[in-house]
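Enquirer: In my numbering, the protein residues as written are 3 to 184. From the three backbone atoms N, C-alpha and C, an ideal C-beta is built for every residue, glycine too.
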Amino acid sequence: MTDSGKCAFVLGIELVDGPDGSVTMCQRRYVDDILKRFGMDECKAVVSPVDMSTRLVPSDAATKVNAPFREAVGALMHLMTATRPDIAYAVGYVSRFMENPQEEHWVAVKRIFRYLQGTKTHGICFKPGDNVDFRGYSDADWAGDLADRKSTSGYTFMLMGAPVSWGSKKQSSVSLSTSEAE
């Protein structure tokens, strides 16, 4: 066995050493690749992955959007599960419309791409220190889905100040109060 030096990439995840001894895991190259694949490599960046003033609803229309919607959502899911908890809600939200995507759903996916354009180097940063603190956080909206009034829950588990597990999911039943949703 030979020592090849410091590891720079693991399974497509870039490992960046910080001057303070920290290590950041990011997927800058993957973000560049998917932006180019979906024609968004020259797009203008936005500061959030979701426009909260827009509420998407499922459609019964017979026609689907003429765009690679499912492929794009799959690419975003891969990014989300590896190093980008900041897009978990947005990706979970647009994935609800995989069955019959319409133009407004594709616009929401493109907004996530525009957010990624401005946050390519974001990732997970582990900082050195003796504080091996483990914390968990959760939250839920109440009846946030306008179509069926189901709530969306989210959680994050942090180790040493960095997320190690996260998720966002629509609940399977209707909650009757905010405390029940949580």
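1. Per DSSP, what kind of secondary structure is GLY76 in: helix, strand or coil?
2. Return the CA-CA distance between MET160 and GLY138, expressed in angstroms with no decimal places.
3. How do the region 87-98 and the region 45-54 stand: do at least 3 beta-carbon pairs fall below 8 Å, yes or no?
4. Starting from PHE128, trace the beta strand (DSSP E) both ways and give me its first and last residue.
5. Going by DSSP, which residues form a beta bridge with TYR157?
6. Can you tell me which of the three DSSP states LEU17 falls into?
7. Quick one: grab the DSSP three-state call for ALA164.
8. Is the CB-CB distance between ALA63 and GLN104 below 9 Å?
9. Thinking just about the alpha-carbon of each residue, which of SER6, ALA142, MET100, CYS28 is nearest to the one in ASN68?
10. Mind checking ARG151: buried by the 16 CB within 10 Å criterion, or exposed?
11. Measure the C-alpha to C-alpha separation of ARG98 and LEU118 and round it to an integer number of angstroms.
12. Are LEU37 and ALA110 close, meaning C-beta to C-beta below 9 Å?
13. What three-state label does DSSP hand MET82 in the structure shown?
14. On the DSSP bridge assignment, give the partners of VAL25 in chain order.
15. Measure from the alpha carbon of THR121 to the alpha carbon of each residue in SER155, CYS45, HIS107, then state which is nearest.
16. Pull the bridge partners of VAL12 from the DSSP assignment, please.
Expert: To lay it out plainly:
1. Helix at GLY76.
2. 6 Å
3. Yes, since at least three Cβ pairs between the region 87-98 and the region 45-54 fall closer than 8 Å, the two stretches touch.
4. 125-128
5. SER140, GLY169
6. LEU17 falls in the strand class under three-state DSSP.
7. strand
8. yes
9. MET100
10. exposed
11. 20 Å
12. no
13. helix
14. ASP19, PHE128
15. CYS45
16. ILE15
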